[in-house]
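Novice: Dropping the structure in here first, questions after.
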Amino acid sequence: DARVTQTPRHKVTEMGQEVTMRCQPILGHNTVFWYRQTMMQGLELLAYFRNRAPLDDSGMPKDRFSAEMPDATLATLKIQPSEPRDSAVYFCASGLARQSSTGELFFGEGSRLTVL
Amino acid sequence: GESVGLHLPTLSVQEGDNSIINCAYSNSASDYFIWYKQESGKGPQFIIDIRSNMDKRQGQRVTVLLNKTVKHLSLQIAATQPGDSAVYFCAENLNNDMRFGAGTRLTVKP
Numbered sequence: 001d002a003r004v005t006q007t008p009r010h011k012v013t014e015m016g017q018e019v020t021m022r023c024q025p026i027l028g029h030n031t032v033f034w035y036r037q038t039m040m041q042g043l044e045l046l047a048y049f050r051n052r053a054p055l056d057d058s059g060m061p062k063d064r065f066s067a068e069m070p071d072a073t074l075a076t077l078k079i080q081p082s083e084p085r086d087s088a089v090y091f092c093a094s095g096l097a098r099q100s101s102t103g104e105l106f107f108g109e110g111s112r113l114t115v116l
Numbered sequence: 001g002e003s004v005g006l007h008l009p010t011l012s013v014q015e016g017d018n019s020i021i022n023c024a025y026s027n028s029a030s031d032y033f034i035w036y037k038q039e040s041g042k043g044p045q046f047i048i049d050i051r052s053n054m055d056k057r058q059g060q061r062v063t064v065l066l067n068k069t070v071k072h073l074s075l076q077i078a079a080t081q082p083g084d085s086a087v088y089f090c091a092e093n094l095n096n097d098m099r100f101g102a103g104t105r106l107t108v109k110p
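So the protein sequences, as listed, match chains A and B.
Per my numbering, the first sequence runs over residues 1 to 116.
Per my numbering, the second sequence runs over residues 1 to 110.
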């Protein structure tokens, strides 16, 4: 069945290391969202893409975070260098947007990042 | 799946009772709203949606009410069951931007 796939599911790394999280959206979906979930902030929108073009990444710390969609089947979120405060669960979600509405978003199971 | 132990507003109800979860949204221009359910260890899942030109929409055991005057959204769950225990988020959409509220943890007592 169609689902959003995220890798890795768990990542433990040391401060200063590069981290790359990957997401395979549902085939045919034209929007991809990256969210970060922490105890204090809930679900924060980091970035989103429509038809592979970045529409908004204002939620991301620009100096260390970057998000890309090399092709329609892959979205990446990279942190370089990582810091302990980046520890969180990162969710990718995809949807089929029409006009100005995203429609329903389908979430992956998340990537839990721990930065020591 | 993953989740975090969120420090959230909590609603505790008895099994079989009705639940009402409330949400205040931020942008009066938002045109589409969704309620999501997040169970422990999983990503959020769609429950029900409503467009801004409506004030009520019903699904199976769930009803969403929208009050645009006060920017308020509510989710009503009829005959709450143990499987309804989860964190519930409202989300608002504006120009393809989907942003989530803080969430409410629903606990169903048997």
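We treat Cβ as the ideally placed atom computed from N, Cα and C, and that holds for glycine.
#1: Relative to the C-alpha of Pro54 of chain A, which residue among A:Gln37, A:Arg112 and A:Leu77 is closest?
#2: Using beta-carbon positions only, say whether Thr5 of chain A and Gly108 of chain A come within less than 9 Å of one another.
#3: Name the one or two DSSP bridge partners that Gln14 of chain B has.
#4: Taking only beta-carbon positions, decide if Gly126 of chain B is within less than 9 Å of chain A.
#5: Step through the CB atoms of chain B and report whether any lies within less than 9 Å of the CB of Glu104 of chain A.
#6: Taking C-beta pairs closer than 7 Å, name the residues in chain B that Leu43 of chain A reaches, listed in chain order.
#7: According to DSSP, is Gly42 of chain A part of a helix, a strand, or is it coil?
#8: Here's the rule: buried if 16 or more other CB atoms are within 10 angstroms of the residue's CB, otherwise exposed. What is Ser3 of chain B?
#9: Taking just the CA atoms, how far does Arg98 of chain A sit from Lys37 of chain B?
#10: Mind listing the chain A neighbours of Pro44 of chain B? Cutoff is C-beta to C-beta under 7 Å, in chain order.
#11: In three-state DSSP terms, what is Arg99 of chain B?
#12: Say whether chain B places a C-beta atom closer than 9 Å to the C-beta of Ala2 of chain A.
#13: Assuming contact is defined by CB atoms lying nearer than 9 Å, are Met175 of chain A and Thr7 of chain A in contact in what I supplied?
#14: Tell me whether Gly198 of chain A sits in a helix, a strand or coil according to DSSP, three-state version.
#15: What are the complete alpha helix (DSSP H) segments, minimum 4 residues, inside the region 50 to 108 of chain A?
#16: Can you give the Cα-Cα distance for Lys109 of chain B and Arg64 of chain A, rounded to whole angstroms?
#17: Of all the CB atoms in chain A, is at least one closer than 9 Å to the CB of Asp97 of chain B?
#18: What separation, rounded to the nearest whole angstrom, lies between the Cα atoms of Phe49 of chain A and Met69 of chain A?
#19: With DSSP as the reference, label Asp49 of chain B as helix, strand or coil.
#20: If Leu106 of chain B sits next to Ser19 of chain B, beta carbons under 8 Å apart, how far is it from one beta carbon to the other, in whole angstroms?
#21: Note down, in chain order, each residue of its chain lying with its Cβ closer than 6 Å to the Cβ of Arg3 of chain A, except the 5 sequence neighbours on either side.
#22: Under 9 Å, Cβ to Cβ, is there at least one residue of chain A near Ile20 of chain B?
#23: Determine the extent of the beta strand (DSSP E) in which Ile20 of chain B is found, giving its start and end residues.
Specialist: Let's see:
#1: As a working note, residue 54 of chain A is residue 54 in the first sequence. Closest by alpha carbon: A:Leu77.
#2: The sequence position of residue 5 of chain A within the first sequence is 5, counting from 1. The sequence position of residue 108 of chain A within the first sequence is 108, counting from 1. Yes, they are a contact pair.
#3: Numbered from 1 along the second sequence, position 14 holds the residue referred to as residue 14 of chain B. Beta-bridge pairing links Gln14 of chain B to B:Lys109.
#4: This structure cannot speak to residue 126 of chain B, because chain B is shown only from 1 to 110.
#5: Position 104 of the first sequence, counted from the start, is the residue given in the question as residue 104 of chain A. So yes, Glu104 of chain A belongs to the interface.
#6: What you label residue 43 of chain A is simply residue 43 of the first sequence in a count that begins at 1. Per Cβ cutoff of 7 Å: Phe89 and Phe100.
#7: Sequence index remark: in the first sequence, residue 42 of chain A carries index 42 (1-based). In the structure shown, Gly42 of chain A sits in a strand (DSSP, three-state: E or B).
#8: Reading the second sequence from its first residue, position 3 is the one you call residue 3 of chain B. Low confidence applies to Ser3 of chain B: its pLDDT is 45, below 50, so where it sits in the model is not reliable enough to give any reading.
#9: As a working note, residue 37 of chain B is residue 37 in the second sequence. As a working note, residue 98 of chain A is residue 98 in the first sequence. Their Cα atoms are separated by approximately 23 Å.
#10: Numbered from 1 along the second sequence, position 44 holds the residue referred to as residue 44 of chain B. Near Pro44 of chain B (Cβ distances below 7 Å), the residues of chain A are Phe107.
#11: Taking the first residue of the second sequence as 1, we reach residue 99 of chain B at position 99. Note: Arg99 of chain B maps to strand in three-state DSSP.
#12: Position 2 of the first sequence holds residue 2 of chain A. At least 9 Å separates the CB of Ala2 of chain A from every CB of chain B.
#13: In this structure chain A extends from 1 to 116, so residue 175 of chain A is not present and cannot be described.
#14: Because residue 198 of chain A is not part of the residues shown, which for chain A are 1 to 116, the question remains open.
#15: none
#16: As a position in the second sequence, residue 109 of chain B is number 109, starting the count at 1. As a position in the first sequence, residue 64 of chain A is number 64, starting the count at 1. Between Lys109 of chain B and Arg64 of chain A, the C-alpha separation is close to 44 Å.
#17: Counting from 1 along the second sequence, the entry for residue 97 of chain B is found at position 97. Judged by the 9 Å Cβ criterion, Asp97 of chain B is in contact with chain A.
#18: Numbered from its first residue, the first sequence carries residue 49 of chain A at position 49. Numbered from its first residue, the first sequence carries residue 69 of chain A at position 69. One Cα belongs to Phe49 of chain A, the other to Met69 of chain A, and the distance between them is close to 8 Å.
#19: The sequence position of residue 49 of chain B within the second sequence is 49, counting from 1. Residue state, collapsed to three classes: strand.
#20: The residue you call residue 106 of chain B lines up with position 106 of the second sequence. The residue you call residue 19 of chain B lines up with position 19 of the second sequence. Going by Cβ atoms, the distance from Leu106 of chain B to Ser19 of chain B rounds to 6 Å, so yes, they are a contact pair.
#21: Translated into positions along the first sequence, residue 3 of chain A becomes position 3. Counting only Cβ-Cβ distances below 6 Å, and skipping sequence neighbours, we find nothing.
#22: Position 20 of the second sequence holds residue 20 of chain B. Judged by the 9 Å Cβ criterion, Ile20 of chain B is not in contact with chain A.
#23: For the purposes of this step, residue 20 of chain B is taken as residue 20 along the second sequence, with counting starting at 1. Its beta strand (DSSP E) spans residues Ser19 to Ala24.
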